Each structure stands twice: as C-alpha cells, then as structure tokens.
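Enquirer: Residue 150 in the working numbering sits at position 79 of the sequence shown, and the numbers go up by one each step. The C-beta atom is built at its ideal place from N, Cα and C for all residues, glycine as well. Model, not experiment: these values are computed from the prediction. Quick one: the structure is below, and I'll ask about it shortly.
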Amino acid sequence: MNPTVPQVMDRILDVHTRTLSRLDTSENGQFSLWHFWKLGSDASKLATDVEGKLDATGLFHEYKTSQTRTQVRYTANEFVGVLSTYSPYIRLSESVRTELFHRLVQVIDSEMDGTIDLTFHSVYNV
C-alpha cells in the first residue's frame, strides 16, 4: 500500500531534515531543500502569488493563468535520479548528497513498497 502524497512528502522531508542536520552544517542548504519541497505544496497559492507579481509590474494587462497536474510513479532510484538534476541537490557536497539519496532509497524501498507517486503542478501564464 502506497501512502498518500502528503504522507510521502512529510516522510521525505523528515529524511532530509534528519540526514542534513547530521551531515551538513550549512543552514542555507537545509532551508533551500525544505523550501524547494514546500514551495510547490500549494499550487493555488503559488498561482495567486505569480499573478500578483505580474500585476505589480504593470507590464501585463491581459493574461490567463492556468495550471496542469501530472501524476508520475517513480522507483526509488528513478526518484533520486530526478532529484540529482535539481539545483538544491547539485549544490550539496557529494558526500552529503550520496548519504541523503541512500537514505531516501532505503525509505522508499522499505516504507513505500519501492515506488513513490508524485503529482507535479505547473502554473503558467499566457
């Protein structure tokens, strides 16, 4: 049985916090990873924030904000492969990144039946 997306994200963030607090003394690194995950947790708020910033520029008068959702299932190794392409993870030292990814694979394999289901939200303006 796969847990719900919020349960998955809470567990992933827990692994991040425990691993990084032990291995990485950079508060900025910890914050950026937490912020990276939490920023997209409320797509509607994110869309409203983007609209507000566009309006504030005075440059855009007629546009439409839309959202799409895409659900993807990853194996543990596919998931850490995707994470390895994101800047907050690239900026980690190799030893910290390796340890974090190892722990994530362990959690996904042992607690999530080897797969993780994620929903990606895209907010765009045209």
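Classify residue 180 as helix, strand or coil using the three-state DSSP reduction.
Expert: Here residue 180 corresponds to residue number 109 of the sequence shown, with the count starting at 1. Helix at residue 180.
Enquirer: If you follow the alpha helix (DSSP H) that residue 154 is part of, which residue opens it and which one closes it?
Expert: Sequence index remark: in the sequence shown, residue 154 carries index 83 (1-based). Where residue 154 is concerned, the enclosing alpha helix (DSSP H) stretches over 147-154.
Enquirer: Given that a residue counts as buried once 16 or more other Cβ atoms are within 10 Å of its Cβ, and exposed if not, what is residue 143?
Expert: Taking the first residue of the sequence shown as 1, we reach residue 143 at position 72. Under this definition residue 143 is an exposed residue.
Enquirer: Give every residue of the same chain whose Cβ lies closer than 6 Å to the Cβ of residue 139, excluding the five residues on either side of it in the sequence, and list them in chain order.
Expert: Locating residue 139 in the sequence shown gives position 68, where the first residue counts as 1. 193, listed in sequence order.
Enquirer: By the three-class DSSP mapping on this structure, what secondary structure does residue 168 have?
Expert: If you number the sequence shown from 1, residue 168 lands on position 97. Helix at residue 168.
Enquirer: Count the CB pairs spanning the segment 122-140 and the segment 174-183 that are closer than 8 Å, and state whether there are at least three.
Expert: Contact fails: fewer than three Cβ-Cβ distances are below 8 Å.
Enquirer: Do you know offhand how far residue 195's Cα is from residue 157's?
Expert: Taking the first residue of the sequence shown as position 1, residue 195 is located at position 124. Taking the first residue of the sequence shown as position 1, residue 157 is located at position 86. When rounded, the distance between both Cα atoms is 20 Å.
Enquirer: Around the C-beta of residue 95, are 16 or more other C-beta atoms found within 10 angstroms, so that it is buried, or is it exposed?
Expert: One-based indexing of the sequence shown puts residue 95 at position 24. A caution first: residue 95 carries a pLDDT of 46, below 50, which makes its placement in the model unreliable, though a value can still be read off. Buried, by the Cβ-count rule.
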